[in-house]
Structures are given as structure tokens and as C-alpha cells.
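Right, one structure below, let's go through it.
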Amino acid sequence: MATTLRSLLALARADKPTGTLLLFVPGAVSIALAAAPGTTPDAPLMSLFAVGSVLLRGAGCTINDMCDRDVDKLVARTRHRPLASGALSMRAATAFLGAQLALGAGVLYQLPPDAHVVGAASLPLVALYPLAKRVTDWPQLMLGATINWGAIFGYAATSERIERASANLTPRLDSPLDSPLLRPSEWPACFEKHVDAAVVVPLYVAFAAWTLLYDTIYAYQDMRDDARIGVRSSARALGTGARARAALLACACVAAAGTFVAGRNAGVQPLGWYDVGVATGATGLAMQAVTARLTCPASCAFHFNASPLYGFVLLAAASAERATDVRPRRAAKSEPVNY
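In my numbering, the protein residues as written are 257 to 595.
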């Protein structure tokens, strides 16, 4: 029993929190940007996103290992994973995945009803990501599209909670059967009402570029094994020379530009806390792109594990920006930036 429990925790990467933090950050920053001026981010909502990040990251790792168990056996870094090593059966992994998804659905139910649709829209991406490395040299782009859905989801959930609070409505439904998730005809309206594209699209693109940067660095750890067994990755596509450095720096620039535009469209004050956070974070990403030793697995692992720091700098900056902004909510709105 104890051995099985340890294997299940290893399958969910419970001992490696970096991935969970990277999943949490986009939603958390989005929640902070969606907060009303003069307030702090919605703490109950942030807590639900934290729990959801643990569950969804664990489910994603389970799906990934189920799909890649034969490949993982051939890679030095992954051959000791529970399914690859035979320490855990596929039947046990399937049951564990079901439990993770059920708990995740429970967290989703605690959120405002229209947000159910926005959150559930990410599930096809979660299922498709493990297959990307078999059909493209850029599976990291698919990961970026998947792991950063919280940038859209967090904004939608916050916007709807503010709307329901102003109308004196409860933050969630009394019955799961009332969820618009069960009424496909209402899905487009859920996005239209609560997703501000001028904010979330540049934020989503920015975080996807950030993911491409840190996950490409991560992929360099396995580049030799991947080349030997035919697994595709952005690391293999870019190599380790000047082209790779230029691509990583380009990702840093896109991340900085996207977060800047998102902040402007969310109505942040010029040269305020948010801009300080964007500039600080951009400097850190540029240094990471330049200083990571792409031929040294230990250096790549170090830079990957340091990646959440960028996200938490942005989160602190966005939270401070909203908390210190004393303008009325209407005055804090700005016209979308053309980009």
C-alpha cells in the first residue's frame, strides 16, 4: 500500500512543484489584473486556482506518462518513472487519473457558472499535448497553449464573480445540473460576456512565449536521448548555437511585450508597480536566455526550476498595482492598445 501511494505521488510529480507553480501563475496574474482598482486579488478564487493547479498538473502528468511509458523507458532522466519502470500498473494509473479529474471537476463547480465553460475548454488541449511530440518539432508550443489557459480562465472567473456580487447573486450554482456547461448553445455567450480579449489575448500569448522559453531549456536535458530515439522537440530543432540564443531572446521579448500590452488594456497606471514588474521580469528572462548552458543538463534544470520566479514577480506587481490604484473602476479602463 505504501509503495503504491509513493508511486501515485511520483506519477503526479508531487515531489516536483515547479510544474504546478508554472500552471498556477498565468491564472493568478489574470485574477490580479481583473481585480477592481483599490482592491487585492480575490483570495478565495486564488485558493481555488491553487488547488486546481495541483490537481490539473497531476492529471496532465498522469496522461503524459500513460502515453509515453514506452518512450520514457529509453530516456535516462525518465526511465525510473512509475509506469516506465513497472512500479505502477496502467489500471492503477487510470483509476488515479479518474480520481484527479473528479476532484478537479469539484473545484470547477465551486467557480461561477459561466466560468465552467471557459475552464472545460482547456481539456482537449490537455489530452492532445502528449501527442504533439510525435507530430511536430515544436511540442513546447502546444504546451504553451495548454498550460497557460488560466490566463483566460482566471480573468473570466474574476469578472463573473464581480458581476454576480454587484447583482447580489451567489458566487456559484446550487446544482451542477444548472451549469451552462451542459447547454452548448450558451457557450459562445459565456466567453463573450466575461473574457476581455484585449487583455487576455496578449497575456495568453505572452505566457505561451514564456513557456516556449523555459520548456525549450528544459528539453535540452534530454536532447541526446531524444535524438537517439526520434522524439521531437524545440531543443532539437534549434540546436545549441546562435540560432537557439536568438530564439530564446525572442521569446523573452514577446513575453515582455504581451504582458505590457495586457496591462495597458486592463487600465494599469503608466510607470506604476505593474510596469516595474514587467521590466524586472523581462530582464530576468533575457538573462536566463543568455546564461543557460544548453549543453549542461544541470544548468538547464536549474534555470527551469527558477522559472516560476518570473511569474511571481508579475503577480506581485499586478497585485500591488491594483491595491494602490484609487481611481474609480470606470476611470481605470483604457482604450485597447493596437499591436
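Note that the Cβ used here is the ideal one computed from N, Cα and C, for glycine as well. Quick caveat, the model's predicted, so the values are computed rather than measured.
Alpha-carbon spacing of A562 relative to E442, whole angstroms: Within the sequence shown, numbered from 1, the residue matching residue 562 stands at position 306. Within the sequence shown, numbered from 1, the residue matching residue 442 stands at position 186. Straight-line Cα distance between these residues: approximately 41 Å.
Between which two residues does the alpha helix (DSSP H) holding C552 run? By 1-based counting over the sequence shown, the position of residue 552 is 296. That residue, C552, is in no alpha helix (DSSP H); it is neither H nor E in DSSP.
Report yes if the CB atom of P458 is closer than 7 Å to the CB atom of A383, and no otherwise. Translated into positions along the sequence shown, residue 458 becomes position 202. Translated into positions along the sequence shown, residue 383 becomes position 127. Going by C-beta atoms, P458 is not nearer than 7 Å to A383.
First and last residue of the alpha helix (DSSP H) that includes S489? The residue given as residue 489 occupies position 233 in the sequence shown. Here S489 belongs to no alpha helix (DSSP H), and DSSP marks it neither H nor E.
For Q477, three-class secondary structure by DSSP: Against the sequence shown, residue 477 aligns to sequence position 221. For Q477, the three-state secondary structure derived from DSSP is helix.
Let me make sure I understand the geometry here. Which of T318, A343, H372 has the alpha-carbon closest to that of A413? Reading the sequence shown from its first residue, position 157 is the one you call residue 413. Cα-wise, what sits closest to A413 is H372.
Could you check where the alpha helix (DSSP H) with M257 kicks off and where it finishes? Counting from 1 along the sequence shown, the entry for residue 257 is found at position 1. Premise fails: M257 is in no alpha helix (DSSP H) and is neither H nor E.
In this structure, how does DSSP classify R499 when only helix, strand and coil are distinguished? Stepping through the sequence shown from its first residue, residue 499 is reached at position 243. Here R499 sits in helix by DSSP.
Would you grab the beta carbon distance between G406 and T467 for me? Rounded to a whole angstrom, and I think it's under 8 Å. Position 150 of the sequence shown, counted from the first residue, corresponds to residue 406. Position 211 of the sequence shown, counted from the first residue, corresponds to residue 467. About 12 Å; that fails the 8 Å criterion.
As assigned by DSSP and simplified to three states, the class of P297: Numbered from its first residue, the sequence shown carries residue 297 at position 41. P297 carries a coil assignment under DSSP once its states are collapsed to helix, strand and coil.
Whose C-alpha, out of D298, Y476, A270, is nearest the C-alpha of A554? Working through the sequence shown from its first residue, we reach residue 554 at position 298. Taking only the C-alpha atoms, the option nearest A554 is Y476.
Close beta carbons around H450, own chain, < 6 Å, minus the five adjacent residues each side: Here residue 450 refers to the residue found at position 194 when the sequence shown is read from its first residue. Cβ-Cβ distances below 6 Å link H450 to D370, A412, S415, E416 in the same chain, with the five nearest sequence neighbours on each side left out; the list follows chain order.
Residue nearest to V534 in terms of C-alpha spacing, selected from K329, V487, A462: To locate residue 534, count along the sequence shown from 1; it is residue 278. The shortest Cα separation from V534 among K329, V487, A462 belongs to A462.
What are the start and end residues of the alpha helix (DSSP H) that includes R347? As a working note, residue 347 is residue 91 in the sequence shown. Unbroken alpha helix (DSSP H) run through R347: 346-365.
With E577 as the anchor, note down where its alpha helix (DSSP H) starts and where it stops. Indexing the sequence shown from 1 puts residue 577 at position 321. Unbroken alpha helix (DSSP H) run through E577: 564-580.
Given that a residue counts as buried once 16 or more other Cβ atoms are within 10 Å of its Cβ, and exposed if not, what is D471? Within the sequence shown, numbered from 1, the residue matching residue 471 stands at position 215. Counting other Cβ atoms within 10 Å of its Cβ, D471 reaches 16 or more and is therefore classed as buried.
For L379, the three-state DSSP class (helix, strand or coil): On the sequence shown, position 123 is the one that residue 379 refers to. If DSSP states are grouped into helix, strand and coil, L379 belongs with the helices.
Rounded separation between A349 and L267 - CA only: Taking the first residue of the sequence shown as 1, we reach residue 349 at position 93. Taking the first residue of the sequence shown as 1, we reach residue 267 at position 11. Each residue's Cα considered, the two are about 8 Å apart.
If you follow the alpha helix (DSSP H) that Q544 is in, where does it begin and where does it stop? Locating residue 544 in the sequence shown gives position 288, where the first residue counts as 1. First-last of the alpha helix (DSSP H) with Q544: 529-547.
Relative to the C-alpha of L381, which candidate in N404, Y365, D393, A355 has its C-alpha closest? Position 125 of the sequence shown, counting from 1, holds the residue named residue 381. With respect to the C-alpha of L381, the residue from N404, Y365, D393, A355 having the closest C-alpha is N404.
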